[in-house]
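Residue numbers (my numbering): 267 to 580.
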């Protein structure tokens, strides 16, 4: 079992402990007692304490400077801080000891550590990772945690997906399986990163739904993408209305002069493109023309459509 697998397994095991499992209560039987004198209740059978879960002073913990996550939503941290105050810590964070810094460095759980500071907690329950940790495995573990955070903004999540794939040399399908999410989730997220920066900003700000932005991404002209995004926000277009707007805009996108890869070649874009891959021939046709961007968008959309079938067959 690799170090990353051990960390993941240990982290999952300690979630139960953070909620009280494995902690003997008053009147609970002595685990070392003879079964003939004291029967072990079912709830304690097979349950053991973690040897490396400890209470660490919050000011003795520091964040990892190389943590891939860069932004922490202030409002979300305030909500988590309130939860820590009222409900307590439900899950331990994972740390490692840094001899040079004379501090524990966060591996996973920086949000909880930050929220604990806001809440004024004196200590946090931590699982201490002993021994050396490979840098690649450490970053992969942090990226996986980030990818699965429910509070991640769409663009931030897309960047986390991309970083995880690049670090491990994974395809979108491999990343989806490793994270336990549907492949279309990864495909649609990555497509957002191909949009112009102003459109991505609207998605990040919450004024443009990611699903609608994905539809806009099917147009391969950046100016038209920005124009459609503006319309969606200003006119309050629904996703269905956006799909129709994209269909209409697609008629003029391939022949737009002076923009994108097709500049200066209006009217000369082939209407059929054929690729050969894995011993198969793949053909994409569009009477208005098929350039590289449209070809990529068509293949990406086709992948999303067939992914559910692949998952059912697996």
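Quick reminder that beta carbons are idealized off the backbone N, C-alpha and C, glycines included. Being a predicted model, the structure only gives us computed values, none of them experimental.
Throw me the rounded Cβ distance for the residue i and residue j pair, which I believe falls under 8 angstroms.
{"i": "residue 332", "j": "residue 373", "result": "That pair is no contact at about 11 angstroms."}
{"i": "residue 399", "j": "residue 375", "result": "Between residue 375 and residue 399 the Cβ distance is about 15 angstroms, and since that is not below 8 angstroms, they are no contact."}
{"i": "residue 377", "j": "residue 338", "result": "6 angstroms"}
{"i": "residue 479", "j": "residue 461", "result": "6 angstroms"}
{"i": "residue 444", "j": "residue 468", "result": "Not confirmed; about 30 angstroms, so no contact."}
{"i": "residue 570", "j": "residue 420", "result": "Not confirmed; about 16 angstroms, so no contact."}
Tell me whether residue i, by its Cβ, gets closer than 8 angstroms to a heavy atom of the ligand MN.
{"i": "residue 418", "result": "Ligands displayed in this structure: none; no statement on the ligand MN is therefore possible."}
Quick one: using the 10 Å Cβ neighbour count with 16 as the cut-off for buried, is residue i buried or exposed?
{"i": "residue 368", "result": "exposed"}
{"i": "residue 321", "result": "exposed"}
{"i": "residue 425", "result": "buried"}
{"i": "residue 546", "result": "exposed"}
{"i": "residue 385", "result": "buried"}
{"i": "residue 464", "result": "exposed"}
{"i": "residue 544", "result": "exposed"}
{"i": "residue 312", "result": "exposed"}
{"i": "residue 418", "result": "buried"}
{"i": "residue 446", "result": "exposed"}
{"i": "residue 572", "result": "exposed"}
{"i": "residue 471", "result": "exposed"}
{"i": "residue 305", "result": "exposed"}
{"i": "residue 307", "result": "exposed"}
{"i": "residue 340", "result": "exposed"}
{"i": "residue 474", "result": "buried"}
{"i": "residue 411", "result": "buried"}
Could you name the residues of the same chain whose beta carbon sits closer than 6 angstroms to that of residue i, not counting the 5 residues immediately before and after it, in chain order?
{"i": "residue 515", "result": "485, 490"}
{"i": "residue 431", "result": "441"}
{"i": "residue 561", "result": "539, 550"}
{"i": "residue 355", "result": "391"}
{"i": "residue 548", "result": "541"}
Within its chain, find whatever has a CB closer than 8 angstroms to the CB of residue i; leave out the 5 residues flanking it on each side and keep chain order.
{"i": "residue 433", "result": "402, 405, 406, 409"}
{"i": "residue 324", "result": "379, 382, 383, 387, 388, 389, 390"}
{"i": "residue 477", "result": "454, 505"}
{"i": "residue 566", "result": "453, 457"}
{"i": "residue 481", "result": "505, 508, 509, 512"}
{"i": "residue 326", "result": "369, 370"}
{"i": "residue 499", "result": "468, 473, 474"}
{"i": "residue 483", "result": "457, 458, 460, 461, 491, 563"}
For residue i, I'd like the list of residues in its chain whose CB is within less than 7 angstroms of its CB, leaving aside the five on either flank, ordered along the chain.
{"i": "residue 381", "result": "343, 346, 347, 350"}
{"i": "residue 428", "result": "456, 459"}
{"i": "residue 497", "result": "503, 511"}
{"i": "residue 396", "result": "318"}
{"i": "residue 371", "result": "328, 330, 361, 362, 364"}
{"i": "residue 413", "result": "423, 426, 427, 430, 445"}
Answer yes or no: does any C-beta atom of chain C fall closer than 9 angstroms to that of residue i?
{"i": "residue 341", "result": "Judged by its chain identifiers, the structure shown contains no chain C, having just a single protein chain."}
When you compare the region 532-551 with the region 505-517, are there three or more beta-carbon pairs, one atom per stretch, that lie closer than 8 angstroms? No, the region 532-551 does not touch the region 505-517.
Any 3 or more C-beta pairs closer than 8 angstroms across the region 431-440 and the region 486-502: No, the region 431-440 does not touch the region 486-502.
Within the region 320-382, note down every full alpha helix (DSSP H) run reaching 4 residues or more, in order along the chain. Positions of the alpha helix (DSSP H) runs, each at least 4 residues long and wholly inside the region 320-382, are given as 340-353 in order along the chain.
Starting from the N-terminal side, write out each stretch of the alpha helix (DSSP H) that is 4 residues or longer and does not extend beyond the region 405-463. For the region 405-463, whole alpha helix (DSSP H) runs of length 4 or above, ordered along the chain, are 420-434, 438-445, 449-458.
Output the residue ranges of the alpha helix (DSSP H) runs that lie fully inside the region 461-486 and measure 4 residues or longer, sorted by chain position. Here the runs fully enclosed are 463-471, 476-482.
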